[in-house]
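Novice: In the numbering used here, each residue's number is its place in the sequence shown (first place is 1) plus 37. Positions of the beta carbon are idealized from the N, C-alpha and C atoms, including for glycine. So that we are looking at the same thing, I have put the structure below in structure tokens.
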Amino acid sequence: MIDSRKPLFGNWNYLLVVIAIPIVTLICAAFDMHSDGDFNVARREVLLRRIGHELLLQSGDSTSRVLPIKKIVENEYQISFEHKLMFRTDSLIALTRRLLGRDQLTGNYIVNVHHAGNSSVAYSYAISKNEDETIVACQGRTQPTAYYT
């Protein structure tokens with residue numbers, strides 16, 4: 038006869054461990070499946086925020102904020118600033134090349150600097166892995182102090 042005081046599988050702790058291990062493994066696998074993509078997107082946004090931060094520092098502003106990065110569409114982002122800033126075009130090019138070069142997902146990219154009030158393009162350039170396809174204009178010029186995005 039079966040003793041009703043003893044569990045059917047012997048020790049309840051053993052049963053809990055046998056059930057818990059596969060569940061924990063599935064949860065870990067589910068997080069691991071999506072973590073690389075999510076991490077890379079978040080990392081890209083941190084790099085963009087860093088570009089904004091360094092632009093402000095180059096403009097002589099160490100106190101105002103880089104506003105939250107806005108994702109416009111897939112692979113298109115907007116950096117906005119709390120206050121006006123000025124920038125040198127060659128510094129912006131060097132900065133984006135240095136920082137976006139750390140992003141494994143970024144190869145070719147176009148940077149458009151817009152006037153915040155009317156969305157007109159104040160400055161733009163295209164960087165390509167193939168140097169022959171890189172387009173950079175007006176290098177070395179200083180853009181006047183204004184609200185840019």
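Name, in chain order, the residues that DSSP records as bridge partners for L122.
Specialist: Residue 122 sits at position 85 when you count from the first residue of the sequence shown. Partner(s): A183.
Novice: Verify whether the separation of the beta carbon atoms of S117 and Q95 is less than 9 Å.
Specialist: Within the sequence shown, residue 117 is the residue found at index 80, counting from 1. Within the sequence shown, residue 95 is the residue found at index 58, counting from 1. Going by C-beta atoms, S117 is not nearer than 9 Å to Q95.
Novice: Given a threshold of 16 other Cβ atoms within 10 Å of its Cβ, counted over all protein chains shown, does I164 qualify as buried or as exposed?
Specialist: What you label residue 164 is simply residue 127 of the sequence shown in a count that begins at 1. Buried is the call here.
Novice: In angstroms with no decimal places, state the Cα-to-Cα distance between A174 and R102.
Specialist: Working through the sequence shown from its first residue, we reach residue 174 at position 137. Working through the sequence shown from its first residue, we reach residue 102 at position 65. If you take the alpha carbons of A174 and R102, they lie about 28 Å apart.
Novice: Under a Cβ-count criterion, where at least 16 other Cβ atoms within 10 Å of its own Cβ denotes burial, should M70 be classed as buried or exposed?
Specialist: Here residue 70 is taken as the residue at index 33 of the sequence shown, counted from 1. Per-residue confidence for M70 stands at a pLDDT of 47, beneath the threshold of 50, marking its modelled position as unreliable; the derived number appears in the next sentence. By the neighbour-count criterion, in which a residue is buried when 16 or more other Cβ atoms sit within 10 angstroms of its Cβ, M70 is exposed.
Novice: Return the Cβ separation of I106 and R86 in integer angstroms, given the expectation that the two are a contact with Cβ distance under 8 Å.
Specialist: In the sequence shown, counting from the first residue as 1, residue 106 sits at position 69. In the sequence shown, counting from the first residue as 1, residue 86 sits at position 49. Correct: roughly 6 Å between the Cβ atoms.
Novice: Measuring CB to CB, does T100 end up less than 9 Å from R178?
Specialist: Along the sequence shown, read from residue 1 onward, the residue named residue 100 stands at position 63. Along the sequence shown, read from residue 1 onward, the residue named residue 178 stands at position 141. Contact flag unset, no.
Novice: Just to confirm my understanding: we take K166, look at its own chain, exclude 5 residues before and 5 after, and list those with CB closer than 8 Å. What are they?
Specialist: Translated into the one-based positions of the sequence shown, residue 166 becomes position 129. Sequence-distant partners of K166 (beyond 5 residues in either direction) whose C-beta falls short of 8 Å from its own C-beta, in its chain, are G144, N145.
Novice: Between I130, K121, F76, which lies nearest to Q176 when the distance is taken from Cα to Cα?
Specialist: Within the sequence shown, residue 176 is the residue found at index 139, counting from 1. Taking only the C-alpha atoms, the option nearest Q176 is I130.
Novice: Buried or exposed: which applies to G97, given that a residue is buried once 16 or more other Cβ atoms fall within 10 Å of its Cβ?
Specialist: As a position in the sequence shown, residue 97 is number 60, starting the count at 1. Classification of G97: exposed, given that the 10 Å Cβ count is below 16.
Novice: Could you tell me which residues DSSP pairs with I116 in its beta bridges?
Specialist: By one-based count along the sequence shown, residue 116 stands at place 79. BP columns for I116 are empty, so no partner.
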